[in-house]
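Engineer:
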Amino acid sequence: MAKSETNTMEEIGISNDYQYGFHDDVKPTFKSRKGLDEEVINQMCDIKGEPDWMREYRLNAYKIFKQKPMTKWGGDLSQLDFDDIYYYVKASDRSERSWDDVPDDIKKTFDRLGIPEAERKFLAGVGAQYDSEVVYHNIVEELDKIGVVFLDTDTAVKEYPDLVKKYFGTIIPSADNQFAALNSAAWSGGSFVYVPPGVKVEYPLQAYFRINSENMGQFERTLIIADEGSQVHYVEGCTAPTYSSESLHSAVVEIVCMKGSRVRYTTIQNWANNVYNLVTKRAFAYEDAQMEWVDGNLGSKLTMKYPSVYMMEPGARGDILSIAFASKGQHQDAGAKVYHCAPHTTSQITSKSISKDGGRSSYRGWVDVAKGAKGCKSHVVCDALILDKDSRSDTYPVIEIGENDTNIEHEARVSKIGEEQLFYLMSRGLSEEEASTMIVNGFIEPLVKELPMEYAVEMNRLIQLQMEGSVG
Amino acid sequence: MSIDLAIKDLHISVQGKPIIKGLNLTVKQGEIHALMGPNGSGKSTLAKGLMGHPLYDIDSGKVVFSGVDILELEANERARLGLFLAFQYPTAIPGVSLANFLRLAVSAVRAKNGNESDKDGLIPMREFRRELREKMQQLGVDDSFARRYLNDGFSGGEMKRAEILQLAMLEPKIAILDETDSGLDIDAVRIVGESVSQLIGPDLGVLIITHYPRLLDYIRPQFVHVLLDGRIVESGGWELTQLLEAEGYDPIREKHGIKEEQNGEI
Ligand SMILES: Nc1ncnc2c1ncn2[C@@H]1O[C@H](COP(=O)(O)OP(=O)(O)OP(=O)(O)O)[C@@H](O)[C@H]1O
Ligand SMILES: [Mg+2]
Numbered sequence: 053m054a055k056s057e058t059n060t061m062e063e064i065g066i067s068n069d070y071q072y073g074f075h076d077d078v079k080p081t082f083k084s085r086k087g088l089d090e091e092v093i094n095q096m097c098d099i100k101g102e103p104d105w106m107r108e109y110r111l112n113a114y115k116i117f118k119q120k121p122m123t124k125w126g127g128d129l130s131q132l133d134f135d136d137i138y139y140y141v142k143a144s145d146r147s148e149r150s151w152d153d154v155p156d157d158i159k160k161t162f163d164r165l166g167i168p169e170a171e172r173k174f175l176a177g178v179g180a181q182y183d184s185e186v187v188y189h190n191i192v193e194e195l196d197k198i199g200v201v202f203l204d205t206d207t208a209v210k211e212y213p214d215l216v217k218k219y220f221g222t223i224i225p226s227a228d229n230q231f232a233a234l235n236s237a238a239w240s241g242g243s244f245v246y247v248p249p250g251v252k253v254e255y256p257l258q259a260y261f262r263i264n265s266e267n268m269g270q271f272e273r274t275l276i277i278a279d280e281g282s283q284v285h286y287v288e289g290c291t292a293p294t295y296s297s298e299s300l301h302s303a304v305v306e307i308v309c310m311k312g313s314r315v316r317y318t319t320i321q322n323w324a325n326n327v328y329n330l331v332t333k334r335a336f337a338y339e340d341a342q343m344e345w346v347d348g349n350l351g352s353k354l355t356m357k358y359p360s361v362y363m364m365e366p367g368a369r370g371d372i373l374s375i376a377f378a379s380k381g382q383h384q385d386a387g388a389k390v391y392h393c394a395p396h397t398t399s400q401i402t403s404k405s406i407s408k409d410g411g412r413s414s415y416r417g418w419v420d421v422a423k424g425a426k427g428c429k430s431h432v433v434c435d436a437l438i439l440d441k442d443s444r445s446d447t448y449p450v451i452e453i454g455e456n457d458t459n460i461e462h463e464a465r466v467s468k469i470g471e472e473q474l475f476y477l478m479s480r481g482l483s484e485e486e487a488s489t490m491i492v493n494g495f496i497e498p499l500v501k502e503l504p505m506e507y508a509v510e511m512n513r514l515i516q517l518q519m520e521g522s523v524g
Numbered sequence: 264m265s266i267d268l269a270i271k272d273l274h275i276s277v278q279g280k281p282i283i284k285g286l287n288l289t290v291k292q293g294e295i296h297a298l299m300g301p302n303g304s305g306k307s308t309l310a311k312g313l314m315g316h317p318l319y320d321i322d323s324g325k326v327v328f329s330g331v332d333i334l335e336l337e338a339n340e341r342a343r344l345g346l347f348l349a350f351q352y353p354t355a356i357p358g359v360s361l362a363n364f365l366r367l368a369v370s371a372v373r374a375k376n377g378n379e380s381d382k383d384g385l386i387p388m389r390e391f392r393r394e395l396r397e398k399m400q401q402l403g404v405d406d407s408f409a410r411r412y413l414n415d416g417f418s419g420g421e422m423k424r425a426e427i428l429q430l431a432m433l434e435p436k437i438a439i440l441d442e443t444d445s446g447l448d449i450d451a452v453r454i455v456g457e458s459v460s461q462l463i464g465p466d467l468g469v470l471i472i473t474h475y476p477r478l479l480d481y482i483r484p485q486f487v488h489v490l491l492d493g494r495i496v497e498s499g500g501w502e503l504t505q506l507l508e509a510e511g512y513d514p515i516r517e518k519h520g521i522k523e524e525q526n527g528e529i
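Taken in order, these protein sequences are the chains called L and S. So for the first sequence, the working numbering puts the first residue at 53; every next one is plus one. So for the second sequence, the working numbering puts the first residue at 264; every next one is plus one.
Following this line, the structure appears as structure tokens:
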């Protein structure tokens, strides 16, 4: 299987020279001053050369942001200072850098994560977020031939203005929440994908996002439009180098799944432990369309993320799989939302969380069935694994049903690593750390097996790193 | 050098309750011992205590294995020295395939012996697969077995076969089989019995805990011991199993003045 995939990637032209961006060795060519206001936004629009409609869109979103009170639910945001963040950093145009320039300790981490290989093999079309700006982008010719557009969103605004204008902000309006408003005002980078009717993209489209600059806000904006009967899998992976002061990442991802289309969006995020990761992700699924979110959250200081699917027409389906790993000093407030707006729609939410070393994970879920949406089905499963007595897990499920003819199931389980399980594995020669890592990996296996192979390997290794030094 | 497991005046208690009360036994590489005793007499307690289960407190006594006092060692260190326990009730590990688990276990146990391993410290995949397939065939288990999650949803018989498969893969020096025959159908007892007897040789010593002589038909023990009231009260040869089969434990209880416990149930 690996072999044939590798061949495919070679045929469509893998980039072998994709390089990492690290926060200490490339000087930004432009950096706005700290904080966000109309002047900074105007400056950003000027440098980007954006059309007027986008400038207005941003300024309007900024007004909304100013009016919104600080978000009070979810996690603790009291340390977050919006004025202490750079909102726009344009990195140098230089996108070529040799692997030799990368510091050894970082190389070692990536080696252990298996990233160099993964990226080299699998980067079919790559949008790599370098600081706020996409400085490296490789659109595979093959994608062009089948009419698929895969661009960074800044470029898409210029090259596909009608398409972008038609959908941008229609799934997640600026006023949706405080962070959506902030993103709408300050966004940079992210991916834009359009898949024409009936086209099935055979391999995952991948983008690596990274934060590199200290105090640098990241506000990617991703928009995916899957036209009728099309199919696409988008993968977003992310590893951030560690640095000292607080950092904010607040992305918006909008997805349109038209009639009969099928979209899967996979994320693995492993932010540095000082990052606020406050993301709004939403998809509209029309008749018989299927939307799947696969979301893995490791790292960060606080993650608030609840991918959602609005099932707009009969036969639509939404699947959300989420894994959260909360370690020391971390709060993963993750979950899922499904809105059954039409009859005969189906959803499935599977959430697995792991809390360790005083980490906290919360499941926040919302299942909504509109009045008259008959014959809907929703199944929610939440499993939490708590590794020690200092750690914590909570669930906050909300179920709003406006229709009697529905079938909704919610199961929640909290478990601890059993002494018997540990002993069993240790009696076979595994150390306590190896044994508990194996149990944790087993716990998330049902989700990991949904990931592309390279990511599954990476996920298992990430867990291994998280578990290191956790016992004894 | 022949290796042995020497247990001297061992006392084990569970949750404050003494179960093993001064037990002496030595099992040498190449020897086959059978341990019999009524339900609740402490056979599994002994087995788990020897393997290093944290819930089973060693109150006093000594256990020396291949020259090392193992009572202070973690279970994995005991395993690496070559001690193995086939569990009476194996634990399920959902999401972990038998093959993945075994590759790590085999690598961990064999690492000590300076065997070849790839950069992750694991034995090479190809070599591991070949060996696993071969041993699964000997045990009459299907190839798909390796991909199943460890003991998760296994039938009683499948669990016991998986234990023996692990025994075969880990190549211990001394193995304790805790009721490996219970829950097996007649054919499975034969397969398990034959596979274990194939493994037995000068390099493997076994302590077989069982209630039925049937398994012992395939693996003839040289020594048979009876556990009552936390101690080995009788040791003998094959004839002892015949006596127990015919008359039960009462004559031995009477002989040693031991009152019957309520089957160990409290
Ligand atoms: N984990 C435990 N917690 C509480 N009591 C235990 C535990 N393990 C063993 N015991 C008690 O210790 C005694 C001996 O149990 P053990 O399992 O060793 O018996 P056994 O000889 O293996 O019995 P069987 O033939 O039924 O397998 C019993 O009274 C049992 O209830
Ligand atoms: Mg027992």
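Built from N, CA and C at the ideal position, the CB exists for glycine as well.
Could you tell me which residues DSSP puts in a beta bridge with L:Val432?
Structural biologist: Its beta-bridge partners are L:Ile401 and L:His462.
Engineer: Measuring only the C-alpha atoms, how far is L:Ala237 from L:Asp206?
Structural biologist: Roughly 14 Å between the two C-alpha positions.
Engineer: Pull up the distance between the alpha-carbon of S:Asp441 and that of L:Asp435, whole angstroms please.
Structural biologist: The straight-line gap from Cα to Cα measures roughly 33 Å.
Engineer: Write down the C-beta distance between S:Leu490 and S:Arg516 rounded to the nearest angstrom, noting that I regard them as a contact closer than 8 Å.
Structural biologist: So it is not a contact: roughly 12 Å between Cβ atoms.
Engineer: For L:Pro359 and L:Glu211, I'd like the C-alpha separation in whole angstroms.
Structural biologist: Spanning the two alpha carbons is a distance of roughly 28 Å.
Engineer: Would you kindly report the start and end of the unbroken alpha helix (DSSP H) that includes S:Glu397?
Structural biologist: It spans Met388 to Gln401 - the alpha helix (DSSP H) in which S:Glu397 sits, taken as one unbroken run.
Engineer: Ligand 2 and L:Ser282: does the residue's C-beta get closer than 6 Å to at least one heavy atom of that ligand?
Structural biologist: Not so, every heavy atom of ligand 2 lies at least 6 Å from the Cβ.
Engineer: Going by DSSP, what residue range makes up the alpha helix (DSSP H) through L:Tyr415?
Structural biologist: Unbroken run through L:Tyr415 is the beta strand (DSSP E), Arg412 to Val421; no alpha helix (DSSP H).
Engineer: List, in chain order, every chain A residue whose beta-carbon is nearer than 8 Å to that of L:Asn493.
Structural biologist: Of the protein chains in this structure, namely L and S, none is chain A.
Engineer: Helix, strand or coil for L:Leu477, going by three-state DSSP, please let me know.
Structural biologist: L:Leu477: helix per DSSP, three-state reduction.
Engineer: Would you identify the three-state DSSP class for S:Glu523, choosing helix, strand or coil?
Structural biologist: In this structure, S:Glu523 counts as coil in the three-state DSSP scheme.
Engineer: Anything in chain L within Cβ reach of S:Val459, meaning under 9 Å, just list it in chain order.
Structural biologist: Those do not exist, as S:Val459 stays about 18 Å from chain L at its closest Cβ, beyond 9 Å.
Engineer: By the criterion of Cβ-Cβ separation under 8 Å, what are the contact partners of S:Ala342 in chain L?
Structural biologist: By Cβ distance, chain L contributes Met478, Ser479, Arg480 and Gly481.
Engineer: Hey, could you find the ends of the alpha helix (DSSP H) S:Leu428 is sitting in?
Structural biologist: It spans Gly419 to Leu433 - the alpha helix (DSSP H) in which S:Leu428 sits, taken as one unbroken run.
Engineer: DSSP has L:Tyr286 in a bridge; who is on the other side?
Structural biologist: DSSP output for L:Tyr286 lists L:Leu257 and L:Tyr317 as bridge partner(s).
Engineer: Sorry if obvious, but does the Cβ on S:Lys306 come closer than 6 Å to a heavy atom of ligand 2?
Structural biologist: Yes - ligand 2 has a heavy atom lying nearer than 6 Å to the Cβ of S:Lys306.
Engineer: Under the DSSP definition of a beta bridge, which residues are partnered with L:Leu203?
Structural biologist: L:Leu203 pairs with L:Phe244.
Engineer: Give, in chain order, every residue of the segment 310–323 of chain S whose Cβ lies closer than 9 Å to some Cβ of chain L.
Structural biologist: From the segment 310–323 of chain S, only Lys311, Met314, Gly315, His316, Pro317 and Leu318 have a Cβ closer than 9 Å to chain L.
Engineer: Just to confirm my understanding: we take L:Ile515, look at its own chain, exclude 5 residues before and 5 after, and list those with CB closer than 6 Å. What are they?
Structural biologist: The residues are Val492 and Asn493.
Engineer: Apart from the five residues on each side of it in sequence, which residues of its chain come closer than 7 Å, Cβ to Cβ, to L:Gly411?
Structural biologist: So the list reads Ala378, Ser379, Lys380, Gln382 and Ser443, once near-sequence residues are dropped.
Engineer: Going by beta carbon distance, what residues of the same chain come within less than 6 Å of L:Met268, once the five residues before and after it are set aside?
Structural biologist: Because L:Met268 carries a pLDDT of 44, less than 50, the predicted location of this residue cannot be relied on, and the following value inherits that uncertainty. These residues qualify, in order along the chain: Tyr138 and Val141.
Engineer: Residues in its own chain within less than 6 Å of L:Asp347 by CB, not counting five upstream and five downstream?
Structural biologist: Within the same chain, L:Asp347 has close Cβ partners Thr319, Pro359 and Ser374.
Engineer: On a Cα-Cα basis, can you pick out the residue from L:Pro256, L:Glu280, L:Arg273 and L:Val216 that is closest to L:Met505?
Structural biologist: Checking every option, the nearest Cα to that of L:Met505 belongs to L:Pro256.
Engineer: Are there any heavy atoms of ligand 1 lying less than 6 Å away from the beta-carbon of S:Gly303, as far as the coordinates show?
Structural biologist: Indeed, a heavy atom of ligand 1 lies less than 6 Å from the Cβ.
Engineer: Run through chain S and tell me which residues come within less than 9 Å of L:Phe475, C-beta to C-beta.
Structural biologist: Within chain S, the residues near L:Phe475 are Lys311, Met314, Gly315, His316, Pro317, Leu318, Ala338 and Thr354.
Engineer: Return the first residue and the last residue of the beta strand (DSSP E) that S:Ile282 is part of.
Structural biologist: Per DSSP, S:Ile282 belongs to the beta strand (DSSP E) from Lys280 to Lys291.
Engineer: Applying a beta-carbon distance threshold of less than 9 Å, which residues of chain L neighbour S:Gln429?
Structural biologist: The answer, in chain order, is Arg480.
Engineer: Output the boundary residues of the alpha helix (DSSP H) element that contains L:Trp105.
Structural biologist: Looking at the DSSP string, the run of the alpha helix (DSSP H) that includes L:Trp105 is Asp104 to Gln119.
Engineer: Taking the alpha-carbon positions, what's the L:Gly424 to L:Ile116 distance?
Structural biologist: Rounded to whole angstroms, L:Gly424 to L:Ile116 spans 33 Å at the Cα level.
Engineer: From this set, L:Val200, L:Asn329, L:Met364 and L:Asp440, which residue's C-alpha is nearest L:Phe336's C-alpha?
Structural biologist: When only C-alpha atoms are compared, the closest one is L:Met364.
Engineer: With a threshold of 6 Å, establish whether the CB of S:Val491 neighbours any heavy atom of ligand 1.
Structural biologist: Sequence inspection shows Leu at residue 491 of chain S; the Val mentioned does not correspond to that position. No, since every heavy atom of ligand 1 falls outside the 6 Å radius drawn around the Cβ of S:Leu491.
Engineer: Starting from the beta carbon of L:Glu472, find every residue of chain S whose beta carbon is closer than 7 Å, and list them in chain order.
Structural biologist: Ordered by position in chain S, the residues that pass the 7 Å Cβ test against L:Glu472 are Thr354.
Engineer: For L:Gln473, is the beta carbon positioned less than 6 Å from some heavy atom of ligand 1?
Structural biologist: No - ligand 1 has no heavy atom lying nearer than 6 Å to the Cβ of L:Gln473.
Engineer: Say whether chain L places a C-beta atom closer than 7 Å to the C-beta of S:Leu531.
Structural biologist: No answer is possible for residue 531 of chain S: it lies beyond the span of chain S, which begins at 264 and ends at 529.
Engineer: So with Cβ pairs under 7 Å, would you call L:Glu497 a contact of chain S?
Structural biologist: Yes, L:Glu497 counts as interfacial toward chain S.
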